[in-house]
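Residue numbers (my numbering), protein chains in the order written: chain S, 1 to 106; chain V, 107 to 260.
Dropping the structure here:
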């Protein structure tokens with residue numbers, strides 16, 4: 001199964017978990033308490049977020065704590081750039097065509 | 107974070123000053139015979155399947171890849187203001203869906219200032235999330251990212 005930032009943010013509960021953890025690190029129990037969904041469901045979301053590299057889970061005493069990994073969220077905000085080149089090329093082609101069209105009309 | 111910042115982050119904005127009058131630029135952008143000539147990358151043939159150039163009208167272009175696979179681009183015109191502005195939804199299958207394209211034409215003597223915006227799909231998603239107070243959360247994620255990037259660039 002795909003495990004990347006886009007997979008991580010594809011689910012509304014996971015987005016809410018990211019939102020929560022971006023404010024502060026929380027124990028797994030505290031995260032679970034914030035949601036109506038079942039504890040196993042939360043555990044599963046946390047597992048996916050961990051596999052996607054968006055959180056780290058560390059044992060501290062009797063509790064497991066979740067830490068956001070902001071660096072791994074970067075691609076979600078940068079992916080738009082991937083399309084820049086494609087559109088630049090298309091507009092180059094358009095501009096060139098317009099000039100040809102203009103010359104034909106002379 | 108304000109919403110215009112958020113919009114910037116998912117908008118790809120390109121600008122060209124084209125050495126041709128706005129009428130010609132408009133014609134090349136809006137007429138199917140012309141579109142077929144420039145839409146696709148070199149060596150790839152574009153077919154204009156549909157082009158109902160009116161608000162609510164749909165358009166559909168296909169490009170055949172060398173391996174026989176088809177790239178489909180399609181959308182519905184949302185706003186047409188002759189010689190000035192065209193707004194359309196766009197789906198690029200199988201890559202991207204739910205994009206909005208904005209083409210802005212501005213005459214400057216015999217030249218045309220052409221601005222092209224590609225607004226990426228998080229829009230609907232963001233709006234929906236915004237209602238639920240989600241943007242506040244993203245705000246702090248962005249802040250974290252900004253901190254991170256500034257640390258990296260030091």
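Glycine included, every Cβ here is placed at the ideal spot set by N, Cα and C.
Beta carbon of residue i, beta carbon of residue j: below 9 angstroms?
{"i": "residue 220(V)", "j": "residue 131(V)", "result": "yes"}
{"i": "residue 42(S)", "j": "residue 57(S)", "result": "no"}
{"i": "residue 139(V)", "j": "residue 102(S)", "result": "no"}
{"i": "residue 46(S)", "j": "residue 9(S)", "result": "no"}
{"i": "residue 197(V)", "j": "residue 181(V)", "result": "yes"}
{"i": "residue 193(V)", "j": "residue 119(V)", "result": "no"}
{"i": "residue 98(S)", "j": "residue 66(S)", "result": "no"}
Could you round the C-beta distance between residue i and residue j to whole angstroms and report it? I think they count as a contact, below 8 angstroms.
{"i": "residue 266(V)", "j": "residue 191(V)", "result": "Because chain V here runs from 107 to 260, residue 266(V) falls outside it and cannot be looked at."}
{"i": "residue 185(V)", "j": "residue 161(V)", "result": "6 angstroms"}
{"i": "residue 116(V)", "j": "residue 226(V)", "result": "4 angstroms"}
{"i": "residue 143(V)", "j": "residue 170(V)", "result": "With 8 angstroms as the limit, residue 143(V) and residue 170(V) do not qualify as a contact, their Cβ atoms being about 16 angstroms apart."}
So, is residue i buried or exposed, given that buried needs 16 or more other C-beta atoms within 10 angstroms?
{"i": "residue 15(S)", "result": "buried"}
{"i": "residue 37(S)", "result": "exposed"}
{"i": "residue 159(V)", "result": "exposed"}
{"i": "residue 95(S)", "result": "buried"}
{"i": "residue 19(S)", "result": "buried"}
{"i": "residue 178(V)", "result": "exposed"}
{"i": "residue 183(V)", "result": "buried"}
{"i": "residue 106(S)", "result": "exposed"}
{"i": "residue 235(V)", "result": "Note on residue 235(V): pLDDT 38, under 50, position unreliable in the model; the coordinate value appears next. So residue 235(V) ends up on the buried side."}
{"i": "residue 6(S)", "result": "exposed"}
{"i": "residue 12(S)", "result": "exposed"}
{"i": "residue 61(S)", "result": "exposed"}
Determine, using beta carbons only, whether residue i comes closer than 9 angstroms to chain A.
{"i": "residue 34(S)", "result": "The structure shown contains no chain A; its protein chains are S and V."}
Checklist entry - Between the stretch 42-53 of chain S and the stretch 87-94 of chain S, are three or more C-beta pairs nearer than 8 angstroms? => result no
_Complete runs of the alpha helix (DSSP H) confined to the stretch 145-199 of chain V [at least 4 residues]_ = none
What are the complete beta strand (DSSP E) segments, minimum 3 residues, inside the stretch 17-72 of chain S? 55-60 and 63-68
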